[in-house]
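Reviewing the structure listed below.
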């Protein structure tokens with residue numbers, strides 16, 4: 045044995061060298077954190093009022109119904125004490141083993157040592173008992189309205205998830221094993237990843253979910269052939285090159301959400317919705333929104349409608365020579381599409397032949413899981429932030445959506461990257477997820493106050509461009525696709541909005557999976573199925589109870605619906621015309637531009 049090795053065979057020199065590197069990286073991290081910009085406290089956490097209400101409700105419960113509180117406490121104490129006695133009993137017998145484990149299965153604790161090692165199993169069991177006790181106490185509280193209860197449950201769960209033993213090196217067996225195996229190199233690599241993420245976000249921590257060097261927009265993702273045929277300050281209009289000799293007469297325009305970028309629908313050819321639509325024989329246009337900087341502070345919902353939707357519709361009609369177009373709106377772009385359709389009805393503009401909504405909310409009575417972030421404490425903070433900065437930085441939107449699935453999108457990736465020292469995966473969807481966009485100040489406030497909080501469109505009270513808009517004025521043929529496990533736009537809320545629209549021709553589809561995977565679900569994958577039910581007069585629960593389930597993607601079903609509303613076949617159209625010269629190749633310039641903050 046050399047002087048550089050200990051009896052276990054590990055290289056002590058290498059270990060000490062890596063420990064020294066950790067010290068250096070720690071200093072670098074401190075310097076990066078010092079650059080963290082100030083942000084309104086309302087963007088960081090719910091107000092203290094929420095926790096005061098929860099505490100008050102618990103104290104009231106204790107005073108008015110002490111037996112229930114005592115019952116909860118005794119049950120928890122009994123489980124904890126029995127767990128301790130069982131563990132001690134095995135140790136007293138000289139057995140290095142874990143006691144019986146009645147706790148539920150949890151994918152966070154998949155490493156076998158959580159089941160077999162007495163220390164790690166003890167920590168895991170006690171954590172899950174603690175979490176169960178807190179959850180039981182919160183659910184048993186009275187004196188909170190339903191909205192407050194949901195928020196207390198949600199944020200309490202966030203605290204419990206944050207304190208999971210998997211999130212700490214000293215209580216994560218997999219990370220400790222990895223550190224020993226690599227003589228500390230995994231910790232060095234992990235700290236490198238952590239510092240790099242903090243530096244990339246100007247002192248804020250946002251976990252990288254994908255290898256940012258693995259993809260380049262326009263080279264190995266967003267590669268469907270097409271051209272930018274129109275541009276203004278709000279968007280680039282991309283017309284995709286035909287892949288068939290003939291196409292349907294009526295063109296199709298997709299309006300993607302401006303919270304993210306359009307190429308979620310064009311990641312790779314095999315899962316590209318854009319490519320698939322073109323292959324079915326459609327003249328397809330897609331709007332690529334600008335990523336706004338502070339100079340867009342005064343851009344509002346009216347700007348997106350007038351300079352975005354109505355302008356794109358006008359230009360597509362001019363390029364194709366068609367009097368009508370079919371349109372698609374995805375997420376917030378679907379919400380705004382509904383506003384546009386109501387406005388066009390008021391103006392007697394008959395340019396729209398049919399409309400499709402992807403995971404779009406138009407009735408915000410039930411805000412779903414995202415509703416925990418739509419109370420005044422957060423929205424007030426957002427309003428103060430955007431009035432000062434001119435934009436809502438993409439960082440805040442990314443962080444908010446990540447916390448809706450914190451174990452999958454924050455803690456799990458952080459463990460792999462920071463404690464295990466792994467390079468983030470080369471995953472195109474997660475790369476797109478990290479390529480966020482800013483929101484203009486006025487638009488963000490109008491959307492949050494007027495639509496999310498006020499629900500004024502569903503109430504027929506939303507003021508826009510000199511008109512009072514109502515969901516009942518949406519009267520064109522409609523097909524809506526919602527997603528069964530959507531954390532952002534709950535399918536039940538989406539259904540309620542479609543039901544309230546004035547159209548007599550409605551088709552509603554619920555795809556399995558969530559906000560993205562349920563939509564980007566190509567037929568070739570044969571992965572997620574979908575539910576259909578033509579009876580739109582039912583409650584959402586009754587609709588689902590009576591729905592038929594079909595295996596596979598909803599895309600072909602929608603295309604059958606769309607083809608019946610897209611006219612006869614005509615000769616395929618090349619992008620642009622004499623008045624719309626080619627300005628750039630797809631995916632265009634706006635999608636890759638980096639706005640100044």
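Numbering (our numbering), first residue to last: 45 to 641. Here a beta-carbon is modelled for each residue, glycine too, at the ideal position from N, C-alpha and C.
#1: Check the DSSP bridge columns for residue 275 and list the partner residues they point to.
#2: Per DSSP, residue 333 is paired with what?
#3: Report back the beta-carbon spacing between residue 484 and residue 435 to the nearest angstrom; my notes put them in contact at under 8 Å.
#4: Can you tell me which of the three DSSP states residue 572 falls into?
#5: Determine the burial state of residue 443: buried for a count of at least 16 other Cβ atoms within 10 Å of its Cβ, exposed for fewer.
#6: Below 8 Å between beta carbons: does that hold for residue 205 and residue 451?
#7: Using beta-carbon positions only, say whether residue 506 and residue 383 come within less than 8 Å of one another.
#8: For residue 152, count the other beta carbons within 10 Å of its own beta carbon; 16 or more makes it buried, fewer makes it exposed. Which is it?
#9: Can you tell which of 423, 534 and 325 has its C-alpha closest to the C-alpha of residue 410?
#10: Using only CA atoms, which one of 337, 248 and 597 lies nearest to residue 74?
#11: If you draw a straight line from the alpha carbon of residue 213 to that of residue 462, how long is it in whole angstroms?
#12: Taking all protein chains shown into account, decide if residue 60 is buried (16 or more other Cβ within 10 angstroms of its Cβ) or exposed.
#13: Go through its chain and collect everything with a Cβ distance to residue 317's Cβ below 8 Å, but skip five positions before and after it.
#14: Buried or exposed for residue 63, please, with buried defined as at least 16 other CB atoms from any protein chain shown within 10 angstroms of its CB.
#15: How many Å lie between residue 165 and residue 139 at the Cα?
#16: What would DSSP say about residue 53, mapped onto helix, strand or coil?
#17: Looking at C-alpha atoms only, which residue of 332, 259 and 119 is the closest neighbour of residue 631?
#18: Just list the alpha helix (DSSP H) runs in the segment 365-412, keeping only unbroken ones of 4 residues or longer that don't cross its boundaries, in chain order.
#19: Which same chain residues end up closer than 8 Å to residue 364 when comparing Cβ atoms and leaving out the 5 residues on each side of it in sequence?
#20: Go to residue 442, then tell me how far its alpha helix (DSSP H) extends in each direction, as first and last residue.
#21: Taking C-alpha atoms, which residue in 397, 405, 335 and 240 lies nearest to residue 361?
#22: Give me the DSSP bridge partner(s) of residue 613.
#23: Report the partner residues of residue 208 according to the DSSP bridge assignment.
#24: Under a three-way DSSP split, which group does residue 621 fall into?
#25: Would you check if the segment 377-392 and the segment 621-629 touch, i.e. whether three or more CB-CB distances between them fall below 8 Å?
#26: Roughly how many angstroms separate the alpha carbons of residue 81 and residue 557, rounded to a whole number?
#27: Just confirm the distance between the C-beta atoms of residue 649 and residue 570, as a whole number of angstroms; I'd bet it's less than 8 Å.
#28: With C-beta atoms as the reference, is residue 253 less than 8 Å away from residue 448?
#29: Determine, using beta carbons only, whether residue 642 and residue 273 come nearer to each other than 8 Å.
#30: If residue 76 sits next to residue 242, beta carbons under 8 Å apart, how far is it from one beta carbon to the other, in whole angstroms?
#31: Is it true that the CB of residue 329 sits closer than 8 Å to the CB of residue 376?
#32: How far does the alpha helix (DSSP H) with residue 645 in it reach, from first residue to last?
#33: Which of the three DSSP states, helix, strand or coil, is assigned to residue 555?
#34: Which of the three DSSP states, helix, strand or coil, is assigned to residue 627?
#35: Name the residue from 629, 614 and 603 whose alpha carbon lies nearest to the alpha carbon of residue 324.
#36: Report yes or no: do the segment 185-196 and the segment 142-161 share at least 3 C-beta pairs separated by less than 8 Å?
Well, looking at it:
#1: Per DSSP, 280.
#2: Under the DSSP definition of a beta bridge, residue 333 partners with 279.
#3: Sure, about 6 Å apart at Cβ, within 8 Å.
#4: Three-state result, residue 572: coil.
#5: Classified as buried, residue 443 has 16 or more neighbouring CB atoms from the shown chains inside 10 Å of its CB.
#6: A contact, by the Cβ cut-off of 8 Å.
#7: Contact check for residue 506 against residue 383 passes: the beta carbons are separated by less than 8 Å.
#8: Under this definition residue 152 is a buried residue.
#9: Per the C-alpha coordinates, the member of 423, 534 and 325 positioned closest to residue 410 is 534.
#10: The option with the nearest alpha carbon to residue 74 is 248.
#11: Distance between the alpha carbons of residue 213 and residue 462 is about 10 Å.
#12: Burial is judged here by how many other beta carbons sit within 10 angstroms of a residue's own beta carbon; residue 60 has fewer than 16 and is exposed.
#13: Apart from sequence neighbours up to five positions away, the residues of its chain that approach residue 317 with a beta-carbon distance below 8 Å are 309, 310, 563, 564, 566 and 599, ordered along the chain.
#14: Burial call: exposed.
#15: If you take the alpha carbons of residue 165 and residue 139, they lie about 14 Å apart.
#16: Because the pLDDT of residue 53 is 48, which lies under 50, any placement of that residue in the model is unreliable, and the question is left without a value.
#17: For the residues 332, 259 and 119, the minimum Cα distance to residue 631 belongs to 332.
#18: You should have 376-390.
#19: Taken in chain order, the residues that qualify are 295, 327 and 617.
#20: Residue 442 -> alpha helix (DSSP H) spans 438-447.
#21: The shortest CA-to-CA distance from residue 361 to any of 397, 405, 335 and 240 is the one to 397.
#22: 292.
#23: Note: residue 208 sits in no beta bridge, so no partner.
#24: In this structure, residue 621 counts as strand in the three-state DSSP scheme.
#25: Counting Cβ pairs under 8 Å, fewer than three are found: no touch.
#26: So the alpha carbons of these two residues sit roughly 36 Å apart.
#27: This structure does not reach residue 649, given that the chain is present from 45 up to 641, and the question cannot be answered.
#28: No, the Cβ-Cβ distance between residue 253 and residue 448 is not below 8 Å.
#29: The displayed coordinates of the chain run from 45 to 641. Any statement about residue 642 would go beyond what the structure contains.
#30: Taking a contact as a CB-CB distance under 8 Å, the pair residue 76 and residue 242 counts as one, their CB atoms being some 4 Å apart.
#31: No, these two residues do not count as a Cβ contact at 8 Å.
#32: Past the edges of the chain, shown from 45 to 641, lies residue 645, and the structure says nothing about it.
#33: Strand at residue 555.
#34: Reduced to three states, the DSSP call for residue 627 is coil.
#35: Here the closest residue by C-alpha is 603.
#36: Put simply, the segment 185-196 does not touch the segment 142-161. Fewer than three CB pairs are less than 8 Å apart.
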